[in-house]
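To start, the structure under review is shown below, and the notes come after it.
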Amino acid sequence: MMRSVGTLTRADLAETINRKMGFSRAESLEMIEAILAKMTSTLEKGENVKISGFGSFVLRDKNERIGRNPKTGIEVPITSRRVLTFRASQLLKERIAKG
Numbered sequence: 064m065m066r067s068v069g070t071l072t073r074a075d076l077a078e079t080i081n082r083k084m085g086f087s088r089a090e091s092l093e094m095i096e097a098i099l100a101k102m103t104s105t106l107e108k109g110e111n112v113k114i115s116g117f118g119s120f121v122l123r124d125k126n127e128r129i130g131r132n133p134k135t136g137i138e139v140p141i142t143s144r145r146v147l148t149f150r151a152s153q154l155l156k157e158r159i160a161k162g
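Written out as structure tokens, the structure reads:
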């Protein structure tokens with residue numbers, strides 16, 4: 064059964080750091096921003112990001128291919144591109160499965 068869930072935001076993460084670690088709200092938000100900036104710059108350089116026990120953000124280069132417009136059936140070239148995927152760790156998968 065699927066249940067309706069909210070969205071975890073930067074502010075939520077900062078609030079958790081504020082409560083659990085005792086940093087000020089501003090310091091907590093700054094910490095979150097620094098982590099996200101590091102992850103972003105690493106991905107921009109073409110490197111993957113692995114967070115042990117959580118998962119990996121993996122870059123994949125997709126080749127050019129022929130696609131089809133589902134409405135008209137006309138073949139259309141799809142250009143090559145780099146895509147970002149997330150692969151959950153086994154630990155995260157198990158924790159999600161338990162609910």
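Per the numbering used here, the very first residue in the sequence shown carries number 64; after that it's consecutive. We put the beta carbon where it would ideally sit given N, CA and C, even for glycine.
Please go through the same chain and pick out, in chain order, the residues whose beta-carbon is closer than 8 Å to the beta-carbon of residue i, but skip the five residues on each side of it.
{"i": "Gly-188", "result": "Outside the displayed range of the chain (64 to 162) lies residue 188, so it cannot be described from this structure."}
{"i": "Ser-87", "result": "Asn-81"}
{"i": "Val-68", "result": "none"}
{"i": "Ile-137", "result": "Arg-131"}
Return the first residue and the last residue of the beta strand (DSSP E) that residue i is part of.
{"i": "Ile-159", "result": "Run containing Ile-159: none in the beta strand (DSSP E); it sits in the alpha helix (DSSP H), 153 to 161."}
{"i": "Lys-125", "result": "118 to 125"}
{"i": "Lys-113", "result": "112 to 114"}
{"i": "Pro-140", "result": "138 to 141"}
Checking 8 Å against the spacing of the C-beta atoms, do residue i and residue j come in under that value?
{"i": "Val-139", "j": "Arg-128", "result": "no"}
{"i": "Leu-122", "j": "Leu-106", "result": "yes"}
{"i": "Ile-95", "j": "Leu-71", "result": "no"}
Rounded to whole angstroms, how far is the Cβ of residue i from the Cβ of residue j, which I believe are closer than 8 Å?
{"i": "Val-112", "j": "Lys-125", "result": "Not really, about 19 Å apart at Cβ, beyond 8 Å."}
How far does the alpha helix (DSSP H) with residue i in it extend, from its first residue to its last?
{"i": "Glu-96", "result": "88 to 107"}
{"i": "Ile-80", "result": "73 to 84"}
Per DSSP, residue i is paired with what?
{"i": "Thr-148", "result": "Val-121"}
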